[in-house]
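There are 2 protein chains.
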Amino acid sequence: MIKIVILGAGNIAQHLYKVFQTTETLHVVQVYNRSAEALSYFKNTATTTNLKNLAEADIYIIAVADDAITSIANKLPFTNRLVVHTSGNVSMHELHKKNRRGVFYPLQTFTKDVTVNFSQIPICLETGEKSDFKILKTIADAIGSTSYKISSEQRRALHVSAVFVNNFSNHLYRIAHEICETNNVPFEILSPLIQETAKKITTLTPYMAQTGPAKRGDQQTIENHLEKLDKDIHKEIYTLLTQSIAKTYGREKL
Amino acid sequence: MIKIVILGAGNIAQHLYKVFQTTETLHVVQVYNRSAEALSYFKNTATTTNLKNLAEADIYIIAVADDAITSIANKLPFTNRLVVHTSGNVSMHELHKKNRRGVFYPLQTFTKDVTVNFSQIPICLETGEKSDFKILKTIADAIGSTSYKISSEQRRALHVSAVFVNNFSNHLYRIAHEICETNNVPFEILSPLIQETAKKITTLTPYMAQTGPAKRGDQQTIENHLEKLDKDIHKEIYTLLTQSIAKTYGREKL
Ligand SMILES: NC(=O)c1ccc[n+]([C@@H]2O[C@H](COP(=O)([O-])OP(=O)(O)OC[C@H]3O[C@@H](n4cnc5c(N)ncnc54)[C@H](OP(=O)(O)O)[C@@H]3O)[C@@H](O)[C@H]2O)c1
Ligand SMILES: NC(=O)c1ccc[n+]([C@@H]2O[C@H](COP(=O)([O-])OP(=O)(O)OC[C@H]3O[C@@H](n4cnc5c(N)ncnc54)[C@H](OP(=O)(O)O)[C@@H]3O)[C@@H](O)[C@H]2O)c1
Chain A
1 MIKIVILGAG NIAQHLYKVF QTTETLHVVQ VYNRSAEALS YFKNTATTTN
51 LKNLAEADIY IIAVADDAIT SIANKLPFTN RLVVHTSGNV SMHELHKKNR
101 RGVFYPLQTF TKDVTVNFSQ IPICLETGEK SDFKILKTIA DAIGSTSYKI
151 SSEQRRALHV SAVFVNNFSN HLYRIAHEIC ETNNVPFEIL SPLIQETAKK
201 ITTLTPYMAQ TGPAKRGDQQ TIENHLEKLD KDIHKEIYTL LTQSIAKTYG
251 REKL
Chain B
1 MIKIVILGAG NIAQHLYKVF QTTETLHVVQ VYNRSAEALS YFKNTATTTN
51 LKNLAEADIY IIAVADDAIT SIANKLPFTN RLVVHTSGNV SMHELHKKNR
101 RGVFYPLQTF TKDVTVNFSQ IPICLETGEK SDFKILKTIA DAIGSTSYKI
151 SSEQRRALHV SAVFVNNFSN HLYRIAHEIC ETNNVPFEIL SPLIQETAKK
201 ITTLTPYMAQ TGPAKRGDQQ TIENHLEKLD KDIHKEIYTL LTQSIAKTYG
251 REKL
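Listed in order, the protein sequences are those of chains A and B.
Residues 1 to 254 (the UniProt record's numbering) are what the first sequence spells out, left to right.
Residues 1 to 254 (the UniProt record's numbering) are what the second sequence spells out, left to right.
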């Protein structure tokens with residue numbers, strides 16, 4: 001049995017709480033949040049809004065907004081216990097060194113109230129002390145997640161990469177949605193292509209999976225497309241990504 | 001029974017041939033290709049490399065490279081028959097008007113030898129004569145595809161949109177792959193996030209699904225990310241897409 005205190009009551013806190021409840025080995029003994037409101041979610045579990053009242057536990061998981069992590073870690077009223085955060089974007093060393101430190105970062109985009117399947121979620125683990133790694137690994141295993149040993153520097157790289165594949169891809173979907181609306185075409189028609197594009201990289205590298213006019217060096221099609229775009233920002237994005245693809249495939253002149 | 005002649009022996013020709021074979025109502029009577037080599041794929045079916053020898057059929061499907069469509073349509077040795085192409089990028093009017101014209105455009109990315117499930121593929125249909133629409137619709141129905149009536153102008157918009165969601169998204173995956181390699185992180189770790197990002201737009205609009213520092217206006221994270229990127233072209237793409245997202249959510253100042 002691993003005794004866990006969760007600090008924070010948002011998205012990640014709720015998803016972790018829920019999945020920990022499904023295991024026999026992970027026991028959430030308490031949830032802390034600065035405000036009482038969001039704590040109503042955590043039924044049947046002790047809660048507190050006062051850091052001084054934190055319960056004894058094997059691990060403290062800080063799942064609050066990135067810029068609040070350090071200040072909460074500083075205020076913890078104990079030393080030499082295992083304290084981890086869940087952020088992709090914050091170094092482990094921003095946790096106060098009076099405690100044993102670590103990171104438990106689930107690399108996925110979570111939406112409140114949308115159930116997630118933790119067996120599909122990779123978790124990036126890091127600890128200051130080697131002996132603490134086992135606890136994090138046991139927690140990841142208990143919820144069925146695949147885990148990876150990832151340093152703070154590597155995690156930072158992953159976080160930037162995640163912006164490209166998640167935030168930026170989604171924005172490209174948004175642009176396609178706008179173009180469809182302007183032309184009175186239902187956006188759903190693109191959904192199978194979007195799913196297939198994502199699926200392809202599970203069997204081919206993105207380098208191998210690339211297709212299209214930029215890769216082929218098909219200048220005529222590129223010009224047709226630019227002509228069809230109304231918004232300047234869409235033209236700019238089209239041009240820059242086309243240049244970048246052309247460069248990747250050795251077509252410097254496009 | 002609908003009698004079909006396929007012109008072309010590439011990717012699309014092979015996939016259409018294969019799926020037509022699975023139906024009881026669609027009969028491929030002949031396949032034409034300019035060169036004999038690729039015709040070996042079409043076993044048990046008459047083939048020819050000479051347009052003069054084309055068989056009689058209800059519909060002629062031209063599935064050749066975009067820039068060869070017009071010249072093949074011009075050379076057809078008959079008139080007033082139904083002739084369609086399969087391109088997202090070519091107007092129906094580039095087919096010679098001596099025949100009845102149409103378009104049968106499967107909106108998906110096809111890879112040779114990778115089986116595709118046509119029930120998941122939307123098909124964009126267009127015909128010059130209203131009465132021909134029914135034949136195209138019957139073919140789409142027979143292979144289990146959802147079909148849409150789409151004009152040449154709408155198809156052009158869809159083709160540009162497809163570049164954004166397919167070619168450009170894949171290039172963002174490629175950039176993430178490069179960042180991962182530079183930092184010694186396995187790229188597979190991003191796969192669940194990529195799949196989830198694509199899946200989200202089946203239940204939320206891309207506008208609603210957007211997350212991340214650009215949307216939040218989190219300048220500090222944006223600066224951290226730019227610092228972490230080595231390549232100038234990656235920085236440029238990061239900056240432009242960040243600006244575009246910021247603008248979408250009314251944060252003009254980022
Ligand atoms: N959402 C994701 O997809 C995702 C994925 C992986 C990792 N993460 C990481 O998980 C952590 C939590 O993210 P989240 O999505 O769960 O955020 P969230 O849903 O916005 O919840 C934020 C939590 O932080 C608390 N908080 C905010 N500012 C605070 C402050 N100044 N002092 C004390 N508490 C404060 C909030 O308390 P109140 O209820 O009082 O406002 C709330 O409990 C972050 O480090 C994030 O980077 C998120
Ligand atoms: N691939 C996709 O994902 C996809 C998706 C939707 C629509 N389409 C459309 O489907 C059509 C065919 O594309 P594909 O992917 O099947 O192409 P492909 O695999 O490259 O095959 C091209 C075919 O066109 C023939 N061809 C090329 N240049 C020619 C010329 N000058 N004269 C006569 N024949 C010529 C080739 O003959 P040889 O064997 O002699 O070279 C071959 O049969 C295109 O209009 C394309 O836009 C493709």
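Note that the Cβ used here is the ideal one computed from N, Cα and C, for glycine as well.
Residues near residue i in its chain [Cβ-Cβ closer than 7 Å; skip 5 each side]
i, result
"threonine 70 of chain A", "Glu94"
"alanine 73 of chain A", "Ile62, Val83, Leu95, His96"
"alanine 142 of chain A", "Thr23, Thr25, Leu26"
"histidine 85 of chain B", "Ile62, Ile69, Leu95, Val103"
"leucine 51 of chain A", "Tyr32, Lys75, Leu76, Pro77"
"residue 256 of chain A", "Outside the shown range of chain A (1 to 254) lies residue 256 of chain A, about which nothing can therefore be said."
Reduced DSSP secondary structure (H/G/I, E/B, other) of residue i
i, result
"serine 147 of chain B", "strand"
"tyrosine 207 of chain A", "helix"
"tyrosine 32 of chain B", "strand"
"histidine 96 of chain B", "coil"
"phenylalanine 20 of chain A", "helix"
"lysine 112 of chain B", "coil"
"phenylalanine 104 of chain A", "strand"
"leucine 7 of chain A", "strand"
"leucine 54 of chain A", "coil"
"leucine 76 of chain A", "coil"
"tyrosine 60 of chain B", "strand"
"threonine 49 of chain B", "coil"
Own chain residues within Cβ distance below 6 Å of residue i, not counting five before or after
i, result
"asparagine 89 of chain B", "Asp66, His159"
"methionine 92 of chain B", "Arg101, Val103, Glu126, Ser152"
"phenylalanine 118 of chain B", "Val19, Ile143, Gly144, Ser145"
"lysine 98 of chain B", "Thr79"
"proline 106 of chain B", "Ile121, Ile123"
Any non-hydrogen atom of ligand 1 within 6 Å of residue i CB
i, result
"proline 106 of chain A", "yes"
"threonine 115 of chain A", "no"
"isoleucine 123 of chain A", "no"
"arginine 216 of chain B", "no"
"alanine 9 of chain A", "yes"
Beta-carbon contacts of residue i that lie in its chain and below 8 Å, excluding the five residues immediately before and after
i, result
"arginine 100 of chain B", "Asn80, Arg81, Leu82, Val83, Thr127, Gly128, Glu129, Asp132"
"threonine 239 of chain B", "Leu226"
"valine 5 of chain A", "Val28, Val29, Gln30, Val31, Tyr32, Leu54, Ala55, Ala57, Ile59, Tyr60, Ile61"
"alanine 46 of chain B", "Val29, Gln30, Val31, Ala55"
"threonine 205 of chain B", "none"
"phenylalanine 187 of chain A", "Ala176, His177, Cys180, Glu181"
"serine 147 of chain A", "Pro122, Ile123, Cys124, Leu125, Leu136, Lys137, Ala140, Asp141"
"threonine 49 of chain A", "Tyr32, Asn33, Arg34, Ser35, Ala36, Leu39"
"phenylalanine 110 of chain A", "Asn11, Ile12, His15, Val116"
Any non-hydrogen atom of ligand 2 within 6 Å of residue i CB
i, result
"serine 169 of chain A", "no"
"asparagine 224 of chain A", "no"
"isoleucine 179 of chain B", "no"
"phenylalanine 42 of chain B", "no"
"valine 19 of chain A", "no"
"valine 64 of chain B", "yes"
"phenylalanine 118 of chain B", "no"
"threonine 86 of chain B", "yes"
"threonine 109 of chain B", "yes"
"serine 35 of chain B", "yes"
"alanine 68 of chain B", "yes"
Contacts of residue i in chain A (Cβ-Cβ under 9 Å)
i, result
"serine 91 of chain B", "What serine 91 of chain B touches in chain A: nothing, since even the nearest Cβ is about 10 Å away."
"leucine 107 of chain B", "Ile189, Leu190, Pro192, Leu193"
Chain A contact residues for residue i, given Cβ-Cβ distances below 8 Å
i, result
"glutamine 210 of chain B", "Asn167, Asn170, His171, Arg174"
"isoleucine 121 of chain B", "Pro192"
"asparagine 11 of chain B", "Neighbours of asparagine 11 of chain B on chain A: none; closest Cβ ~10 Å, over 8 Å."
"glutamate 153 of chain B", "Asn183"
Neighbouring residues, chain A, relative to residue i (Cβ below 7 Å)
i, result
"phenylalanine 164 of chain B", "Leu172, Ile175, Ala176"
"proline 206 of chain B", "Asn170, Tyr173, Arg174, His177"
"threonine 115 of chain B", "Those do not exist, as threonine 115 of chain B stays about 12 Å from chain A at its closest Cβ, beyond 7 Å."
Under 7 Å by beta carbon: chain B residues contacting residue i
i, result
"leucine 240 of chain A", "Glu236, Ile237, Leu240"
"serine 244 of chain A", "His171, Ile233, Ile237"
Partners in chain B for residue i, counting only beta-carbon separations shorter than 9 Å
i, result
"histidine 225 of chain A", "Asn89, Arg156, His159, Val160, Val163"
"leucine 229 of chain A", "Val160"
"tyrosine 148 of chain A", "Val185, Pro186, Ile189"
Contact list for residue i against chain B, beta-carbon separation under 8 Å
i, result
"lysine 247 of chain A", "Ile233"
Where are the beta strand (DSSP E) runs, 3 residues long or more, that stay fully inside the UniProt domain "DUF2520" (121 to 245) of chain A, in chain order? 123 to 127, 147 to 149
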